[in-house]
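In the order they appear, the protein sequences are chains A and B.
Counting with our numbering, you get residues 1 to 553 for the letters of the first sequence.
Counting with our numbering, you get residues 1001 to 1326 for the letters of the second sequence.
Yeah, the Cβ is synthetic: ideal placement off N, Cα and C, and Gly gets one too.
For clarity, every value in this text was computed on a predicted model and none was experimentally measured.
Just below is one structure, and these are the notes that go with it.
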Amino acid sequence: MTRTARSGRRLAAIAATVAVLATAACSAPVQNKGDDSAAGGATSMLIAADNGSPTFDRNFNPYSSGKRNTTTYMYEPLVIINEMSGEETPWLATGYEQPDAKTVVFTIRDGVKWSDGEPLTAEDVKYSFDLVKKHPEMDLKGAWSHLKSVEVDGKTVVAHLQDEDVPAAKILAQQLIVPEHIWSEVKDPVTFTNEEPVGSGPYTLDEFTPNQYTLTKNETYWQADKVAVEELVQPAANSELDIVNNGYDWAYAFMSDVDDTWVKADPENNTYWFPAGAAISLIPNMTKAPYDNVDFREGIALALDKQVIADKAEQGYVDRASQTGLMLPNQEAILDTSIPNQGYVDQDTDAALASFEKAGYTKKGEKLVDSSGKPLKITITTPNGWSDWLQGVEQVKSQLTAIGIDVTVVQPQAAAYQKELRTGDFDMIMGTVGGTGQPFQDYNGLMGSEFRLDIGKTASGNFGRFESAEADDLLAELKVTTDEAKQLEITHQLEQITYEQLPMIALFYGGSWGLFSNKNFTGWPSADDPYASPKTWDSTPLLILTHLKPAQG
Amino acid sequence: MRYALRKLGLLVLTLWAAVTLNFVIPRLMPGSPADAAIAKLAQNGPVTPSVQAAIEAQLGVPGGSIWDQYVTYLNNVIHLDFGVSYTFFPQQVSELVAGALPWTLIMVGAVTVIAFVLGTLIGIGAAWKRGTWMDSLPTVAGSFLSAFPYFWTALLIVFFLGYVLGWFPTSGAYSATAVPNLSWEFLGDVLYHAALPAITILITSLGGWILGMRNTMINTLGDDYVTFAEANGLRGRTVAIRYAARNAILPNLTGFGMALGGVVGGSLLVEQVFAYPGVGYLLFNAVTNQDFPLMQALFLMITVSVLLANFLVEILYGVLDPRTRR
């Protein structure tokens, strides 16, 4: 449509408005945000990376939980870890070494400058660690649950750990680094909103209004030659209607019927990639019967057709999850090939009934009953309003009902659900498991005795209160092993335990919802080239932003 | 005077009750603000134990005994200090409310006044010409339209006028690139963005005013003094406006007072559908995120304005109708 036609129609619309509101008439040239998109220039990019609710507040403090998502496009970590594969890309550090299991040595990259022109030094790195030690509220990566002290040695930063703790290196590597010369002047870094961010990343903040902000390319960026996009435009309002309507280049959103909405809006250019995230699972409460019985848990797993559940929950966008807890296919490299069928547990009603029988439940008529003839009843908890999970749970319910179990679904409000999950106040509860791509963190969070607290106490991991001396020994060994072959071997054993003892019943993979347009820029991550998750927060977007190329033609 | 004082005493008592309830109710909700914040993050994927710990440290749990919390709360309410929002940490609640209130007051407030004036006038016309098309058309249309739920009308309007036809923006209070200022250009932009939510509220609330006014007025028209005025040969319009409508408007006026008091609460569903940055949207965010400080400030503001509006209407009633003073 032509420019004049559109403004003419808009004038008509304004006139209608004015008539309705019975106010003085006026004709104002109104800018539609669609016009600001990269349609012409191909140097600017319209993104839906950050959602105002409904407007933006100006918070670019990288250590604040309420920060703008794009803060991490300005502040960088030492190493970026692709959580889907565990692959590492050296960033502000050119690499790290672990001379022993209690020490990590990061070599800081030369020639990196802050956006105000000051050089980034090893002192800044040490300062950033010390800052979050002083303010534990800001320690979002949990660095100081591993660290004892940090010191600078020339161009390296040496981290001394509390214990022999090899996996800690990956946690420390993700620490975001801020400039000491600016942050040392800040009175209260916790409530500091950092309205004029000075970072080391590829972008700096340009204009900011509560309705939209823009980031422009940092010309002195240490790998400026890899950054093709000159400007990122981020509007506050990005409902699904806006995303389909306004020609975005990159959006992160769950889109119903994506082929008929997003792709249809521009069939030649619009693509999407919804890779597998952490496994969404049923977590049994293993402090009480019958959930503490591994035969019972196996019966549940065998009774369910997880692909049907996945299709119901996520509209066919994701696949069923492997019972190993790994995110397949991206983590295939560390999968133990001796586990049958890649750890996928197929539905097998006869085998399920056999397992239930071992657990003491037999079929009587249509129902499964225990030895005293009482029918088997279970309650599944899922948060209210998370409609995809609820769809999945409803499918679980109908499949379990078919095999003879009475299932009740309860849906507390999200906050209450979180409390019940953490305090162990459930029979079986929906939850996500793993997802960091780092075997120690993922399996420790699932089975580690470190997180196992009594029922009623607020836990932050191992919500099902799984108990296995074998798993604990393996985790303890994995924690102190620097030998990579040995690490892989232990990881395989942990996969075996997860597969055989079912500390959770894996259902389907949570999706990541990346919508991309090839109109102005190409090189988006995809199933063929899964170099980064499509997510728009945390540090992996830096991989994407340094990977894009202008579209040809 | 004694009447006004008695009403004032009652106002103070209800205010205290409202303020106290406002303290108690959010605390009865299960789960802590940290739980709510973690649950929100968990929708995007698993939340590592370290993030959970940091969020708990950031948001904390209300400290001290319930009584101490209550005393601190009362003291803060008097000073209009509602603390820091949990959801939009570290923003001040008062700043958030101040940012949202103008949009609601302008959009919802203007529409409420327009709907009242328009509805009442149409109601008068309908009653005066009762039995003709001028009566049946607005009456039928009014009851038809006011039977639609707000959000449904809103969704239809946003889909057809905003998406399919593309005549109006589907979200926001002004264009993304506009900077708020006092110019015709910006004002036009604001009106353009307010159009769809305003039309929605107008459509769904107009019917009530029309029907209310028409029905009371028809009763009044049957009264002897109206017949007397007509028999005296007064002009039709004089009888309709100065005799009948003036008496019939009282119930509508009460409704108007209460509606005005409710304006500060915004229009939750409509603001939600159109992503309009008003109080209703803020309230929705506060409730879904267990944001106690923000919720308390908003509920308090809504309760106080409804109470004040009621108080003013009662005083006005005392002036208009001497019988209520006894």
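query: Beta-carbon gap between A/Pro197 and A/Met45 smaller than 8 angstroms; result: no
query: Extent of the continuous beta strand (DSSP E) to which B/Glu1271 belongs; result: Not the beta strand (DSSP E): B/Glu1271 falls in the alpha helix (DSSP H), residues Leu1268 to Val1273.
query: CB contact flag (B/Val1273, B/Ala1154, <8 angstroms); result: yes
query: Residue-chain proximity (B/Ile1124, chain A), Cβ-Cβ < 8 angstroms; result: no
query: A/Lys170: first and last residue of the uninterrupted alpha helix (DSSP H) it sits in; result: Ala168 to Ala173
query: Distance between A/Gln174 and A/Gln331 (C-alpha atoms, nearest Å); result: 20 angstroms
query: As assigned by DSSP and simplified to three states, the class of A/Trp222; result: coil
query: B/Ile1124 burial status per 10 Å Cβ neighbour count (16 or more: buried); result: buried
query: Close Cβ partners of A/Ala469 (< 6 angstroms) along its chain, the five nearest in sequence each way excluded; result: none
query: With 16 other Cβ atoms within 10 Å as the buried cut-off, status of A/Tyr234; result: Per the sequence shown, the amino acid found at residue 234 of chain A is Gln instead of Tyr. A/Gln234 is buried by the Cβ-count criterion.
query: From A/Val480, A/Asn520, A/Ala278 and A/Asn293, residue whose alpha carbon lies closest to that of A/Leu507; result: A/Ala278
query: Beta-carbon proximity check, A/Ser239 vs B/Ser1305, cutoff 8 angstroms; result: no
query: Opening and closing residue of the alpha helix (DSSP H) in which A/Leu161 lies; result: A/Leu161 -> not in any alpha helix (DSSP H); beta strand (DSSP E) instead, spanning Thr156 to Leu161.
query: One or two residues paired with A/Ala476 in a DSSP bridge; result: In DSSP, A/Ala476 forms no bridge with anything.
query: Residues of the stretch 1214 to 1235 of chain B whose Cβ lies closer than 9 angstroms to any Cβ of chain A, in chain order; result: none
query: Inter-stretch contact at 8 angstroms, needing at least 3 Cβ pairs: the stretch 1037 to 1050 of chain B / the stretch 137 to 144 of chain A; result: yes
query: Contact set between the stretch 118 to 141 of chain A and chain B, restricted to residues whose Cβ is under 8 angstroms from the partner; result: Pro136, Glu137, Met138, Asp139, Leu140 and Lys141
query: Spatial distance of A/Leu304 from A/Lys312 (CA atoms); result: 13 angstroms
query: B/Tyr1276 versus B/Leu1096: straight-line alpha-carbon distance, rounded; result: 14 angstroms
query: Whole-angstrom distance between A/Gly404 and A/Leu376, CA atom to CA atom; result: 8 angstroms
query: The stretch 205 to 225 of chain A in contact with the stretch 484 to 493 of chain A per 3-pair CB rule at 8 angstroms; result: no
query: Sub-8 angstroms separation of A/Leu515 and A/Met255 beta-carbons; result: yes
query: Straight-line gap, A/Ser517 to A/Thr401 (C-alpha atoms, nearest Å); result: 44 angstroms
query: Rounded separation between A/Asn69 and A/Asp538 - CA only; result: 7 angstroms
query: Partner residues on chain A for B/Tyr1003, Cβ-Cβ distance less than 7 angstroms; result: Under the 7 angstroms cutoff, chain A gives no residues; its nearest Cβ is about 37 angstroms from B/Tyr1003.
query: Cβ-based contacts, 9 angstroms cut-off: residues of the stretch 385 to 399 of chain A near chain B; result: Gly385 and Trp386
query: Identified DSSP bridge partners for A/Leu176; result: A/Pro77
query: Pairwise C-alpha distance: A/Thr379 and A/Tyr291; result: 11 angstroms
query: Closest Cα partner of B/Leu1308 within the set B/Met1258, B/Leu1283, B/Val1279 and B/Ser1267; result: B/Met1258
query: Given 8 angstroms, three or more beta-carbon pairs between the stretch 1177 to 1191 of chain B and the stretch 1231 to 1239 of chain B; result: no
query: Residues in the stretch 1084 to 1105 of chain B having any Cβ partner in chain A nearer than 7 angstroms; result: Phe1088, Phe1089, Pro1090 and Gln1091
query: Sequence-distant residues of its chain with Cβ nearer than 6 angstroms to B/Phe1292 (five each side left out); result: Pro1026
query: Classification of A/Glu151 by the beta-carbon crowding that lies within 10 angstroms, buried from 16 upward; result: exposed
query: Three-state secondary structure assigned by DSSP to A/Ala13; result: Note that A/Ala13 has pLDDT 45, beneath the 50 cutoff, so the model's placement of it is unreliable and no number is given.
query: The beta strand (DSSP E) enclosing A/Ala289, as first and last residue numbers; result: Unbroken run through A/Ala289: none, as it is neither H nor E.
query: Given A/Asp257 as reference, the closest of A/Leu241, A/Gly247 and A/Leu368 once Cα atoms are compared; result: A/Leu241
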